[in-house]
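Beneath this line is the structure, given in structure tokens, with notes to follow.
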């Protein structure tokens, strides 16, 4: 069964810093990987989707990379802002349902 | 983009009652919908996969008689928590897999979630 792990579990940075969130998964046979943002008590907001044939995706200040062979993905956030404070989840889809990581709780301090 | 709605967004009920949660794809047809559960400070765990017109497939450890899933149409799936107990209090999120003619599209869109509190 696919297992997804995210490191660190929590991260606190001053505003303006660049940061990297890590995601690792045990089974490299995935169809795609997706990064989500979840605000407290809210649903999921999709940030970036990387198909298995791709190595990275970019959207604004966000860049996600995927290395299937090593079972790793990173989410890079440039010039962090207080509004980026949230829990970030990565999820992998072999085919069909997503397997979610444990999440990284990010706090950006003004 | 594609929109998935859930109703209600929040529900409080007494122990022993049943609660129905609806998941709708508003502007697309979804042959498959997924139901997830999230306990406080934990990640989402898949409960079941719901296919239109057929029985749902439940993950190991999820009681199918307690969590009844009906996927009656291409735009609606319902999750009924029967005889709810306090330990069923959780955040329930659905997702819908978009169906495009002539291709197999893996993109899923998530609903906003339903927070259930059983007293």
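Protein chains in written order, with the numbering used here: chain B, 1 to 110; chain L, 1001 to 1119.
We treat Cβ as the ideally placed atom computed from N, Cα and C, and that holds for glycine.
Every value quoted in this text rests on a predicted model; they were computed, and no experiment measured them.
- Closest in alpha carbon position to residue 33/B, among 65/B, 42/B, 84/B, 11/B, is 65/B.
- Among the residues of the stretch 1081 to 1093 of chain L, those with a Cβ less than 7 angstroms away from any Cβ of chain B are 1093, in the order of the chain.
- With 16 or more other Cβ atoms inside 10 Å of its own Cβ, residue 1069/L counts as buried.
- The DSSP-derived three-state label of residue 1065/L is coil.
- Taken in chain order, the members of the stretch 1040 to 1071 of chain L whose beta-carbon sits within less than 8 angstroms of a beta-carbon on chain B are 1042, 1043, 1044, 1045, 1046, 1049.
- In the structure shown, the three-state DSSP call for residue 1027/L is coil.
- Between residue 1071/L and residue 109/B, the alpha-carbon positions lie close to 44 angstroms from each other.
- The alpha-carbon separation between residue 1078/L and residue 1034/L amounts to approximately 10 angstroms.
- DSSP links residue 1022/L through a beta bridge to 1007/L, 1078/L.
- With respect to residue 44/B, residue 38/B sits close: the two C-beta atoms are nearer than 8 angstroms.
- Membership of residue 1108/L in the beta strand (DSSP E) is indicated by the continuous run 1108 to 1110.
- Taken in chain order, the complete beta strand (DSSP E) segments of 3 or more residues contained in the stretch 1 to 81 of chain B are 4 to 7, 10 to 14, 19 to 25, 32 to 38, 44 to 51, 56 to 59, 62 to 67, 72 to 77.
- The shortest C-alpha to C-alpha distance from residue 1091/L to any of 1073/L, 1075/L, 1082/L, 1111/L is the one to 1111/L.
- Within the same chain, 1048, 1064 come within 6 angstroms of residue 1058/L by CB-CB distance, once the 5 residues on both sides are set aside.
- Taking all protein chains in view, the Cβ of residue 1061/L is surrounded by fewer than 16 other Cβ atoms within 10 Å, so the residue is classified as exposed.
- The stretch 7 to 24 of chain B makes contact with the stretch 71 to 78 of chain B, as at least three CB pairs between them are under 8 angstroms.
- Within its own chain, the residues whose Cβ lies closer than 6 angstroms to the Cβ of residue 1032/L, once the five positions on either side in sequence are excluded, are 1051, 1097, listed in chain order.
- Within the same chain, 1082 come within 6 angstroms of residue 1066/L by CB-CB distance, once the 5 residues on both sides are set aside.
- Cα atoms of residue 1020/L and residue 1002/L: separation of roughly 23 angstroms, rounded to the nearest angstrom.
- Interface residue (Cβ-Cβ distance to chain B less than 8 angstroms): residue 1034/L is classified as such.
- An exposed status is given to residue 81/B, since fewer than 16 other beta-carbon atoms sit within 10 Å of its beta-carbon.
- Interface with chain B (8 angstroms Cβ-Cβ cutoff): residue 1110/L is included.
- DSSP places residue 1095/L inside the beta strand (DSSP E), whose first and last residues are 1090 to 1098.
- For the set 12/B, 70/B, 13/B, the Cα lying nearest the Cα of residue 55/B is the one of 70/B.
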